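**Q** Residue numbers (the working numbering), protein chains in the order written: chain R, 493 to 932; chain C, 12 to 160.
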Amino acid sequence: MTRSGTGSGTGSDTHSGSPLRLTEREQQMLDGRDGEAVALCMRLVTGVARASGAPRLLEVASAHVDGCLYHGRAGLDFAERLVETGGRVSVRTTLNVGSLDLLHPWLVRDQEIAASGRRLMQAYVELGCEPTWSCAPYQSGHRPALGSHVAWAESNAIAFVNSVLGARTDRYGDFLDIAAAVTGRAPDAGLHRDEARRAVLVLDLSGVSRALLEEDVAWPLVGAVLGARAGTRVAALTGLPGDLADGGRTEDRLKALGATAASSGGVALFHVVGVTPEAPTLATVAAPGAPTLSVGTADLRAARDELSTASGDRLDAVSLGTPHFSLTELAALADLLRGGAPFADGVDVWVSTSRRVLDEARALGYVDPLLAAGGRVLTDTCTYVTPVLRPGTGVVMTNSGKWAWYAPGNLGVDTVLGSLAECVASARAGRVVRDERLWG
Amino acid sequence: MNASGAELTGESLHPGTARGPLLVLTEPVSFWGGVNADGVVVDRHHPQRGTSVAGRVVVMRDGRGSSSASAVLAEQIRSGHAPAALLVGERDAVLLLGALVAAELYGVRMPVVWLDGFALDRLCSDDEVEVRAGDPPGPATVRPCVAAR
Numbered sequence: 493m494t495r496s497g498t499g500s501g502t503g504s505d506t507h508s509g510s511p512l513r514l515t516e517r518e519q520q521m522l523d524g525r526d527g528e529a530v531a532l533c534m535r536l537v538t539g540v541a542r543a544s545g546a547p548r549l550l551e552v553a554s555a556h557v558d559g560c561l562y563h564g565r566a567g568l569d570f571a572e573r574l575v576e577t578g579g580r581v582s583v584r585t586t587l588n589v590g591s592l593d594l595l596h597p598w599l600v601r602d603q604e605i606a607a608s609g610r611r612l613m614q615a616y617v618e619l620g621c622e623p624t625w626s627c628a629p630y631q632s633g634h635r636p637a638l639g640s641h642v643a644w645a646e647s648n649a650i651a652f653v654n655s656v657l658g659a660r661t662d663r664y665g666d667f668l669d670i671a672a673a674v675t676g677r678a679p680d681a682g683l684h685r686d687e688a689r690r691a692v693l694v695l696d697l698s699g700v701s702r703a704l705l706e707e708d709v710a711w712p713l714v715g716a717v718l719g720a721r722a723g724t725r726v727a728a729l730t731g732l733p734g735d736l737a738d739g740g741r742t743e744d745r746l747k748a749l750g751a752t753a754a755s756s757g758g759v760a761l762f763h764v765v766g767v768t769p770e771a772p773t774l775a776t777v778a779a780p781g782a783p784t785l786s787v788g789t790a791d792l793r794a795a796r797d798e799l800s801t802a803s804g805d806r807l808d809a810v811s812l813g814t815p816h817f818s819l820t821e822l823a824a825l826a827d828l829l830r831g832g833a834p835f836a837d838g839v840d841v842w843v844s845t846s847r848r849v850l851d852e853a854r855a856l857g858y859v860d861p862l863l864a865a866g867g868r869v870l871t872d873t874c875t876y877v878t879p880v881l882r883p884g885t886g887v888v889m890t891n892s893g894k895w896a897w898y899a900p901g902n903l904g905v906d907t908v909l910g911s912l913a914e915c916v917a918s919a920r921a922g923r924v925v926r927d928e929r930l931w932g
Numbered sequence: 012m013n014a015s016g017a018e019l020t021g022e023s024l025h026p027g028t029a030r031g032p033l034l035v036l037t038e039p040v041s042f043w044g045g046v047n048a049d050g051v052v053v054d055r056h057h058p059q060r061g062t063s064v065a066g067r068v069v070v071m072r073d074g075r076g077s078s079s080a081s082a083v084l085a086e087q088i089r090s091g092h093a094p095a096a097l098l099v100g101e102r103d104a105v106l107l108l109g110a111l112v113a114a115e116l117y118g119v120r121m122p123v124v125w126l127d128g129f130a131l132d133r134l135c136s137d138d139e140v141e142v143r144a145g146d147p148p149g150p151a152t153v154r155p156c157v158a159a160r
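#1: Are the C-beta atoms of Gly901 (chain R) and some chain C residue less than 8 Å apart?
#2: If you reduce the DSSP assignment to three classes, tell me which class Arg548 (chain R) lands in.
#3: Take the Cβ of Glu18 (chain C) as the centre, count every other Cβ of all protein chains shown within 10 Å, and call the residue buried at 16 or more, exposed below.
#4: Between which residues of its own chain and Ala826 (chain R) is the CB-CB distance below 6 Å, once the five residues before and five after are set aside?
#5: Does any residue of chain R bring its CB to less than 8 Å from the CB of Ser63 (chain C)?
#6: With distances taken from CA atoms, which of R:Arg689, R:Thr752, R:Asn654 and R:Glu516 is nearest Trp897 (chain R)?
#7: Does any CB atom of chain C fall closer than 8 Å to the CB of Asp505 (chain R)?
#8: With 16 as the cutoff for other CB atoms within 10 Å, does Tyr117 (chain C) come out buried or exposed?
#9: Does the beta carbon of Val70 (chain C) sit closer than 8 Å to a beta carbon anywhere in chain R?
#10: At 8 Å on the CB atoms, spell out the chain C contacts of Ser544 (chain R), in chain order.
#11: What residues of chain C sit near Asp569 (chain R), judged by a beta carbon separation below 7 Å?
#12: Is the shortest distance between the beta-carbon of Phe667 (chain R) and the beta-carbons of chain C less than 8 Å?
#13: Who are the Cβ neighbours of Leu704 (chain R) in its own chain at under 8 Å, not counting the five residues just before and after it?
#14: Could you check which residue in R:Arg517, R:Gln603, R:Tyr562 and R:Arg677 has the C-alpha nearest to that of Ala555 (chain R)?
#15: Does any residue of chain C bring its CB to less than 8 Å from the CB of Val540 (chain R)?
#16: Flag this pair as yes or no: are the beta carbons of Arg55 (chain C) and Gly886 (chain R) separated by less than 8 Å?
#17: Answer yes or no: does any C-beta atom of chain C fall closer than 8 Å to that of Arg689 (chain R)?
#18: Using a beta-carbon distance cut-off of less than 7 Å, what residues from the segment 555–567 of chain R approach chain C?
#19: Going straight from the alpha carbon of Gln603 (chain R) to that of Thr878 (chain R), what length do you get?
#20: Quick test of the definition: if touching needs 3 or more C-beta pairs under 8 Å, does the segment 35–52 of chain C touch the segment 904–923 of chain R?
#21: Measuring CB atoms only, is the segment 772–785 of chain R touching the segment 828–837 of chain R, in the sense that at least three cross pairs come out at less than 8 Å?
#22: If you run the structure through DSSP and keep just helix, strand and coil, what is Met12 (chain C)?
#23: If I measure Cβ to Cβ from Ala771 (chain R) and keep anything under 7 Å in the same chain, skipping five residues before and after, which residues do I get?
#24: Going by CA-CA distance only, name the one from R:Arg610, R:Ala645 and R:Leu713 that's closest to Asn891 (chain R).
#25: For the segment 715–739 of chain R, which residues have a CB atom closer than 7 Å to at least one CB atom of chain C, in sequence order?
#26: Using a Cβ cut-off of 7 Å, which residues of the segment 891–917 of chain R contact any Cβ in chain C, in chain order?
#27: Going along chain R, which residues have a C-beta under 7 Å from Asp49 (chain C)?
#28: Quick one: any contact between the segment 576–596 of chain R and the segment 680–699 of chain R, if contact means 3 or more CB pairs under 8 Å?
#29: Between which two residues does the beta strand (DSSP E) harbouring Trp842 (chain R) extend?
#30: Beta carbons nearer than 7 Å to chain C: which residues of the segment 616–627 of chain R have them?
#31: Go ahead and label Pro597 (chain R) buried or exposed: buried means 16 or more other beta carbons lie within 10 angstroms of its beta carbon, across all protein chains shown.
#32: Is the number of C-beta pairs between the segment 59–72 of chain C and the segment 622–635 of chain R that are closer than 8 Å three or more?
#33: Quick one: does Ser574 (chain R) have its CB under 8 Å from some CB of chain C?
#34: Tell me where the beta strand (DSSP E) around Leu24 (chain C) begins and ends.
#35: How should Glu516 (chain R) be labelled, buried or exposed, when 16 other C-beta atoms within 10 angstroms of its C-beta is the threshold for buried?
#36: How is His816 (chain R) classed by DSSP in three states: helix, strand or coil?
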C-alpha cells in the first residue's frame, strides 16, 4: 500500500496497464484531506486499482453494498471503524440483505448473529446508505442508466445491473463496495471497459425445447449451464425468447438466470442476443473468434439433477424468493394460490422479498393468499444466509438455482429444484410433486 | 511436475511473507459459502471438500462466486484460519480486499501473488514453499523450502 512501485525489475511484463494516475482531488482524498475514513477507503480503491492494472479511477453514479451481511467480526470492525472516523457515502447507495429481518427479528434464531448482525446493519445506515435490505435493489427502485458506471456488489445484483440494465460494474465485493460509495470512485478496469464486455463464448440454446423455455424452471437451469461453461468469462446466449418490455416476465427470468450463473460460475455479465441492451445482434457483442457451444434439453435436465440433492419425495420446507421476489413474481404466486388448498402441515413455506415490494404487493392483495395458505414472508434477509429454517429441516424445495446451489453447504439441507407451480403443488401435497412431462 | 529447485517469480498484489505447504485447488471455490469459518472447504460440488485451507499456501487459478468472499477471508485472517498466502491466476479483487482490510484493521499481512499459467503449472499440493511479496506491483517469489516428496 505504498504509493508507488518502483516499476522495474518485476521479472514479468504481464502488468496489464500503465501506472495508476490519480487526479489532484483523488490524491487529496488519499492524503487524508477528507478525513481518515475517506483515506482508508481510497487506500482500498487504489490498492485494487493497482492490482488490476487500472490507469485511473472512474467516478461512479451509485453503489450497492453487500457488506451489511454479517460474516464475522472483521466485517463489523471495518464498518464501525468507518463510522468512528466520520465516513459518509458520497453517492446514492442501497444495501443488500442483512443477517436478520428487522421487521420480524424473532425469526432469526442465533443470538450472536442477531446481535452482531444488527450492529453491522446499523453501522451501514449511519454511513448514509439506504436501508433497502434487498439483493434485488434493481426491483426496489434503484435502476442505473444504460452505460453509466456504478460500483455494485453481490453477485446476482452485479450480473443483473451489467447484463439486463447495461450499466457498468466490475465484480465488487465487501469493503470495496462501501469504499467506492464513500470516495465516489472505482478502478477503471474489468467490466467498466468496452473490450472486457464483449462475449468470448457463445452458447446456442436453439436446441432446447421451446415448451420448456416457457416454464420458469428452465431459466435458472440455463444459468447453471452458463456458469459451468463460462466460469468467469462473458458469454452471449442465442436462441432464447424474451422481451424486456413485457411487464417483468423476461426480466424475472434473466434475474434467475444470472443469479444461478453467478453462483455455479463467476458470471458477472452475459448477453442474450436480441433481448439484453448491449446485444441487438450477435455480431455487435461477440469478440472475433468466440467459439460456440450448443446447449440442449438434456443439459438443462442434468443441471436440474445436480441442483436437486434429495431423493424420494420427503419435503420439510419450500423456499421462494432468492433473489428477492419481484412484484410480478408475487403476483404469479398469488394467482397459483387463490382458491386452492392450504399448505400441508409440516411444510414451512418461506417467501423472501424486499420491504418496498412487500408494501406494494400487500396493497395489491398479493400477500393475503400466501398468508391464508399458511406461508410466511421474510424481508431484509434471506433463508439461506441466516438461521431461519426450523431445526431438523432436511429437504427443501425451491424455484431458485442460487438457493439450491448454496443451501446444502450453508445449511446442511438437501434440495429439490422445481418450478413455482411445482413448489406450490408440493407444499400442498406435503411431498415432492414434479411435472415430468416438461422433460419428456 | 513439482517446484523443487525452481524459484518462481510473479507479481505482488499484496505484500507479506509466508511459509507453508501448497494446496492447489483443482477447481475454483468461493470463500463465501464454499469455505467455512474454520477454513474447511464445505462446497459439496467441490472435489476437495473436507480439505482445510488454513495455514496452506493456496493456489487458485480462477476465482468463483460470491462477492462476500472478501469478508470471509478477512475474518479467517483475523481468527487465524486463513491460508498462509494466496497464489492466484486472476487479478481478482475479491480476495485481495480481504487481505487489504485485514492488514488495515489487524496489521496481519497475508501475501497475495499473481502467477502466470506456466508458473501455476509447476506447483503441486503438499510441497513446502516460502512466499515473499514486496510492495505491489513489485515482484514476488515462491521458493521451495525442502526437497519435493
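Where is the CB? At the ideal position from N, CA and C, for every residue including glycine.
None of the values given here were measured: they were computed from a predicted structure.
**A** Looking at the atomic coordinates:
#1: yes
#2: coil
#3: exposed
#4: Tyr858 and Pro861
#5: Answer no: the Cβ-Cβ gap between Ser63 (chain C) and chain R never drops below 8 Å.
#6: R:Thr752
#7: Residue placement at Asp505 (chain R) is flagged as unreliable, the pLDDT there being 36, under the threshold of 50; a coordinate-derived value is accordingly withheld.
#8: exposed
#9: no
#10: Simply Arg102 and Ala104.
#11: Leu116
#12: yes
#13: Ala710, Thr789, Leu792, Leu930 and Trp931
#14: R:Arg677
#15: yes
#16: no
#17: no
#18: Asp558, Gly559, Leu561, His563, Gly564, Arg565, Ala566 and Gly567
#19: 11 Å
#20: Judged by Cβ distances under 8 Å, the segment 35–52 of chain C makes no contact with the segment 904–923 of chain R, as fewer than three pairs qualify.
#21: No, the segment 772–785 of chain R does not touch the segment 828–837 of chain R.
#22: In this prediction, Met12 (chain C) has a pLDDT of 44, which is less than 50 and means its spatial position is unreliable; nothing more can be read from the coordinates.
#23: Excluding positions up to five away in sequence, the list reads Ala728, His763, Val764, Val765 and Val777.
#24: R:Leu713
#25: Residues Gly723 and Thr724.
#26: Tyr898, Pro900, Gly901 and Asn902
#27: Per Cβ cutoff of 7 Å: no residues; Asp49 (chain C) is ~11 Å from chain R at best.
#28: With the rule of 3 Cβ pairs closer than 8 Å, the segment 576–596 of chain R does not count as touching the segment 680–699 of chain R.
#29: Asp840 to Thr845
#30: Cβ contacts with chain C: none found.
#31: exposed
#32: no
#33: This sequence places Leu at residue 574 (chain R); Ser is not what is there. With 8 Å as the cut-off, Leu574 (chain R) does not count as an interface residue toward chain C.
#34: Leu19 to His25
#35: exposed
#36: strand
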